[in-house]
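Read in order, the letters of the sequence shown are residues 48 to 604 in our numbering.
Presented below is the structure to which this report refers.
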Amino acid sequence: AEARQAETIVDLLATIPGAQTSTYGARGQLGSLFVRGADSNQTLVLWNGIPLNDPFSDEFNFAFLAAEEVVRVEVVPGPFSALYGSSAMGGVVQVITAGQRGARLQLEAGQRDHRRASVAAGGDHERLHAEIAGHRREGRGGTGNDEYESSEASGRLRWTPRPQSEVSLLLRWNDSETGIPFVGFTPSPRRHIAWRETEWALPWSHTAAAWEVTGSLSQLRYDNEFRDPEDPFGFTRGDTESRADRARAVATRRFGDGWWAGGGEWQRDRVDDGGTFGTNLDDATQRTAAAFGELHLERGRLAADLGVRRDDNDAYGGATSPRLGVVWAATSELRLRGSYGEAFRAPALVELYYPFTGNPDLRPERGRTAEVGVAWQRGAWSVDVAAFDSRQRDLITYDFVAARNANVGSARSRGVDGELRFRMGIVELRLGGMRLDAEDRDSGSRLRNRPKETAQLVAIARPGAAVLSAVASWVGERVNVFPEFPYADTVNPGFATFDLAGSWQLRGGSEADGESRAVPGIAPYVRVLNALDREYEAVLGFPAAGRTLIGGVRLEW
48 AEARQAETIV
58 DLLATIPGAQ
68 TSTYGARGQL
78 GSLFVRGADS
88 NQTLVLWNGI
98 PLNDPFSDEF
108 NFAFLAAEEV
118 VRVEVVPGPF
128 SALYGSSAMG
138 GVVQVITAGQ
148 RGARLQLEAG
158 QRDHRRASVA
168 AGGDHERLHA
178 EIAGHRREGR
188 GGTGNDEYES
198 SEASGRLRWT
208 PRPQSEVSLL
218 LRWNDSETGI
228 PFVGFTPSPR
238 RHIAWRETEW
248 ALPWSHTAAA
258 WEVTGSLSQL
268 RYDNEFRDPE
278 DPFGFTRGDT
288 ESRADRARAV
298 ATRRFGDGWW
308 AGGGEWQRDR
318 VDDGGTFGTN
328 LDDATQRTAA
338 AFGELHLERG
348 RLAADLGVRR
358 DDNDAYGGAT
368 SPRLGVVWAA
378 TSELRLRGSY
388 GEAFRAPALV
398 ELYYPFTGNP
408 DLRPERGRTA
418 EVGVAWQRGA
428 WSVDVAAFDS
438 RQRDLITYDF
448 VAARNANVGS
458 ARSRGVDGEL
468 RFRMGIVELR
478 LGGMRLDAED
488 RDSGSRLRNR
498 PKETAQLVAI
508 ARPGAAVLSA
518 VASWVGERVN
528 VFPEFPYADT
538 VNPGFATFDL
548 AGSWQLRGGS
558 EADGESRAVP
568 GIAPYVRVLN
578 ALDREYEAVL
588 GFPAAGRTLI
598 GGVRLEW
């Protein structure tokens, strides 16, 4: 993230094979993720273990999830309900932030009124570690009423009473607002959406001989508002407050050839929603209790994982999710793998109880996926390629005959994705891509927002005190909804983007040992987004910003 000067997680996800992103216009607009053809509400998003999907719709907006302080982003494609429950049909995205020590201040500005200031500080005192981080970011796209602003703060307090035990407090807060420039092709000069996120978690762990026990309590809160004082049908507004409370505990025991783990989870979702015409949802609630187990075995060159989970919910009933994976080390350089899993997505509260469209009899969406893959590494080169086939049924769509939501949809996604890597000396190269065939099995048409082909090339060089990067991306043609009546499916042409970034460490630097360790240093930097100034629409009707030059300085001590 630091080498590429990535601002948000969506910038990083856009260059991961199998992960396709869609941004509704310029930066600051809605950002969605489709993992191997799965819908945007079928991928679970975690921040340091805290689920971030909105309980109202089960979706997550990536527009303002910052890449600052991020040490790595893990994308695990495929069904993982056996471990995580609902929303993990398509995969799991886990964002891990670094343990900050010392202090850092970053200031930057650029074209399109871009401004960003961020700060982070952390340190240790005996058995305590504390850190805080935050930023303020704003800018615009260039089409009118596409300005955005965002403030975020996070913190971590970790106590280690003994080497085998740890207790932490994690906090995150975000307050963002963005304009919505168009309704179809008609400008909307004052339409905007704002939201506030608050997350906290109390994770803990204890290790004793062959046993490890971990657990957490967490809470997620969203407060969203929509306003359009110049709507042609009169002042339009909408307000949604949603909340998810969770508790999770896992016990793991290691033995000679592997380990087994078992645990349980409890979750309660609550939503209040109202708008121009009154209350839509008044303290709508659903509760889920789950039990799960996983077994990992290793014998010679073979390793296998077997997991299963049972969820029981007071609204939709229950769901059982098994998963099996096998890895064979054919040689010291070559590994072959295969997996099969079943997963589900629970009906969101908006789908269950919203007036006129809600259906309290909805069942969970179901999916099953098979995958085979190969990974090879020799010296500076490595290759990882996988073929997958995913089938989904009981998808929740609006049934015009029943005049409400119903489990009437089905889909199939199959394809190949992979990445070639080269790393030697000061140079690192990554070439990745995916070929995807995603079909609505009821109509036979292509699924929307899923390009057939995507490709990415990431190049990073570290000559001396400089860090240089270049990112080239290709997104093939995809089906979008035409943004005005009759709202028919329309093919959106493919597009290519090219970004450049460079920084120079004037003195001092950072030690890359898994945690961010700041020592005295000053690093000016510059980046150019959409360097070729291409005109394109990642989603039809929402033009992206042109070439944007940004410069800044990073101070560490």
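Glycine included, every Cβ here is placed at the ideal spot set by N, Cα and C.
- Contact check between the segment 123-134 and the segment 339-355: three or more CB pairs, one atom from each, fall below 8 Å, which counts as touching.
- Excluding five sequence positions before and after SER69, the CB atoms of its chain that fall closer than 6 Å to its own CB belong to SER79, ASN496, ALA585, VAL586, given in chain order.
- ARG184 and GLU194 have their C-alpha atoms roughly 11 Å apart.
- The beta carbons of ALA114 and GLU54 sit closer together than 8 Å.
- For TYR400, there is no enclosing beta strand (DSSP E); the residue is found in the alpha helix (DSSP H) stretching over 396-400.
- In the structure shown, LEU579 adopts coil according to DSSP, grouped into three states.
- In the displayed model, VAL528 falls within a strand according to three-state DSSP.
- Assigned with DSSP and collapsed to three states, ASP536 falls in strand.
- For HIS172, the number of other beta carbons within 10 angstroms of its own is below 16, and it is reported as exposed.
- With a contact defined as Cβ atoms closer than 8 Å, ARG581 and ALA543 qualify at about 7 Å.
- Between PHE391 and ALA366 the beta-carbon gap is near 4 Å, inside 8 Å, which marks them as a contact.
- Comparing alpha carbon positions, the residue from GLN52, ALA85, GLY72 closest to GLY462 is ALA85.
- Residue pairing by DSSP places LEU483 opposite GLY462 in a beta bridge.
- Judged by DSSP in its simplified three-state form, GLN211 adopts coil rather than helix or strand.
- Note on ASP304: under 16 other CB atoms within 10 angstroms of its CB, so exposed under the neighbour-count rule.
- If you look at LEU77, you'll find it isn't in any alpha helix (DSSP H); DSSP assigns it neither H nor E.
- For VAL57, there is no enclosing beta strand (DSSP E); the enclosing alpha helix (DSSP H) has its first and last residue at 56-60.
- Counted as a single uninterrupted DSSP element, the beta strand (DSSP E) harbouring TYR445 occupies residues 428-446.
- The beta-carbon separation of PHE229 and GLY593, rounded to 17 Å, does not stay under the 8 Å limit for a contact.
- For SER492, the number of other beta carbons within 10 angstroms of its own is below 16, and it is reported as exposed.
- Counting only residues of its own chain and dropping the five nearest sequence neighbours on each side, HIS343 has a CB closer than 6 Å to the CB of GLY305, TRP306, ASP352.
- Inside the segment 179-234, DSSP marks whole beta strand (DSSP E) runs of 3 or more residues at positions 195-209, 212-226, from first to last along the chain.
- Excluding five sequence positions before and after ARG410, the CB atoms of its chain that fall closer than 8 Å to its own CB belong to TYR363, GLY364, PRO394, ASP441, ASN454, given in chain order.
- Each of ILE56, ARG159, LEU328, SER235 was checked against the Cα of ASP275, and the nearest Cα belongs to SER235.
- TYR131 carries a helical assignment under DSSP once its states are collapsed to helix, strand and coil.
- When only Cα atoms are considered, LEU264 and GLU345 end up about 32 Å apart.
- In this structure, GLY465 places its C-beta atom within 8 Å of the C-beta atom of PRO64.
- Contact between ALA200 and GLN147 is ruled out by a C-beta separation of about 13 Å, above the 8 Å threshold.
- Taking a 10 Å sphere around the C-beta of GLN211, we find fewer than 16 other C-beta atoms and assign the residue as exposed.
- Rounded to the nearest angstrom, the gap between the Cα atoms of LEU483 and ALA427 is 29 Å.
- Counting only residues of its own chain and dropping the five nearest sequence neighbours on each side, TYR71 has a CB closer than 6 Å to the CB of LEU77, VAL586, PHE589.
- DSSP, read as helix, strand or coil, puts GLN424 in strand.
- Counting along the chain, ALA296 sits inside the beta strand (DSSP E) bounded by residues 283-302.
- Boundaries for ASP408: no beta strand (DSSP E) harbours it, and the DSSP string shows neither H nor E there.
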